Amino acid sequence: MDWTIINEKVQAWMQEARQLILKRRTQALKIDEKTSRLDLVTNVDCEIESFYTKKIMAAFPNSEIFGEEHGKQHETKQADLLWIIDPIDGTMNFIKQAANYASMIAIYENGHEKLGYILDVAQNKLYWGGPECGVFCNETKLNPPENLALEQGLIGIGGRMLLANYLHVQDACQASLGIRISGSAGMEFINVLSGKTIAYLSHLKPWDYAAGKIMAETLGLVVKTIDGNPLAVLSSSDVLVATKNAQQGILKWLR
Ligand code: IPD
Ligand code: CA
Ligand code: CA
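Basically this note's numbering = 1-based index in the sequence shown + 1.
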């Protein structure tokens, strides 16, 4: 497997996807509810997932794809590569703010995490990388974030988890320097990767955290369930990504 070529192709596809997303955002959006009025999907989410799927299957036919909008595609026991796709993460922000949303891809080879990509579409910043090459923002290599404690930094959190005071998360938040709620798991992962926040907690689906997990672990951050257990592959979970010290600090408050 030539990972330089795979990486070049994925980056080019994501740039193409970005142009398409920005163009579509200037046109009328077709918006549908999925499970509720808070869980929306647009024609652009579906178009971008189809766009990636076509590109992937044309370039790497021995691939299996697991995307948010179309589920599992091209499932086969022989597939070398598994691609997990969230075409637009933060669809509500995409619709309401035209900012603070991301496009995400994670690639696994024979069950091993290889590369993650989170594109901040509005700012044109692509966070990408994995255990073999390190993590980059566009061409700039990121240093591992400082291992700050809970009391030394800001926390990103899913709004609903905070409102419900799930496992007493509000106590952990009170112990931090403050909370930030962005409405996009991808953007929250970017904040932790780049040291702007020390942790992010939310109930997430596999496509919400797959790309971020690969990059976060590469940078020495902890990505586990909120109560400190390993994440089960490809399942929904209460996820906590944090510096090692902040994770320990948060665990002490949850009950
Ligand atoms: C959502 C966002 C949101 C998170 C939700 C996700 P979507 O993704 O990442 O921040 O709280 O759990 O579903 O649906 O906009 O791709
Ligand atoms: Ca998402
Ligand atoms: Ca999505």
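The C-beta atom is built at its ideal place from N, Cα and C for all residues, glycine as well. Just so you know, these numbers come straight off a predicted model, no measurement behind them.
Hey, out of the options, whose CA is closest to residue i's CA?
i, options, result
"TRP14", "ASN94, GLN28, GLY72 and MET105", "MET105"
"ASP46", "LEU205, GLY91 and THR27", "GLY91"
"ALA212", "GLY229, GLU50, GLY187 and LYS10", "GLY187"
"SER37", "MET216, LEU178, LEU127 and MET93", "MET93"
"GLY159", "ALA18, VAL136 and GLN171", "GLN171"
"ALA243", "SER237, VAL234 and ILE227", "ILE227"
"LYS245", "LEU255, LEU151, ILE86 and PRO207", "LEU151"
"PRO146", "ALA247, ARG26, LEU163 and ILE6", "ALA247"
"GLU110", "ALA217, TRP4, LEU255 and ARG256", "TRP4"
With respect to the beta strand (DSSP E) encompassing residue i, which residues constitute its N-terminal and C-terminal limits?
i, result
"ASP3", "Looking at the DSSP string, ASP3 is not in any beta strand (DSSP E), and its letter there is neither H nor E."
"VAL242", "238-243"
"VAL223", "223-226"
"GLU114", "113-121"
"ARG181", "179-181"
Sort out for me which residues DSSP pairs residue i with in a bridge.
i, result
"GLU34", "LEU41"
"THR141", "CYS138"
"TRP84", "ILE66 and ILE108"
"LEU168", "Its beta-bridge partners do not exist; DSSP assigns none."
Could you pull out every residue in the same chain whose Cβ sits closer than 6 Å to the Cβ of residue i, ignoring the five residues on either side in sequence?
i, result
"GLY157", "ARG181, GLU189, ASN192, THR198 and TYR201"
"LEU30", "THR43"
"PRO132", "THR219"
"GLY68", "GLU50 and ILE86"
Can you tell me whether residue i is buried or exposed, with buried defined as 16 or more other CB within 10 angstroms of its CB?
i, result
"GLU34", "exposed"
"LYS214", "buried"
"PRO231", "exposed"
"LYS115", "buried"
"THR54", "buried"
"SER237", "exposed"
"MET2", "exposed"
"ALA233", "exposed"
"LEU205", "buried"
"LEU241", "buried"
"LEU194", "buried"
Please go through the same chain and pick out, in chain order, the residues whose beta-carbon is closer than 7 Å to the beta-carbon of residue i, but skip the five residues on each side of it.
i, result
"ASN63", "GLN79, ALA80, ASP81 and LEU82"
"LEU120", "MET15, ARG19, ALA103, SER104 and LEU127"
How is the alpha helix (DSSP H) around residue i delimited, first residue to last?
i, result
"GLU189", "186-194"
"LEU205", "LEU205 -> not in any alpha helix (DSSP H); beta strand (DSSP E) instead, spanning 200-205."
"ILE96", "92-97"
"GLN153", "Element bounds for GLN153: n/a, residue is neither H nor E."
Once the 5 residues before and after residue i are set aside, which same chain residues still bring their CB inside 8 Å of it?
i, result
"SER51", "HIS71"
"LEU41", "ILE32, ASP33, GLU34, LYS35, THR92, MET93 and ILE96"
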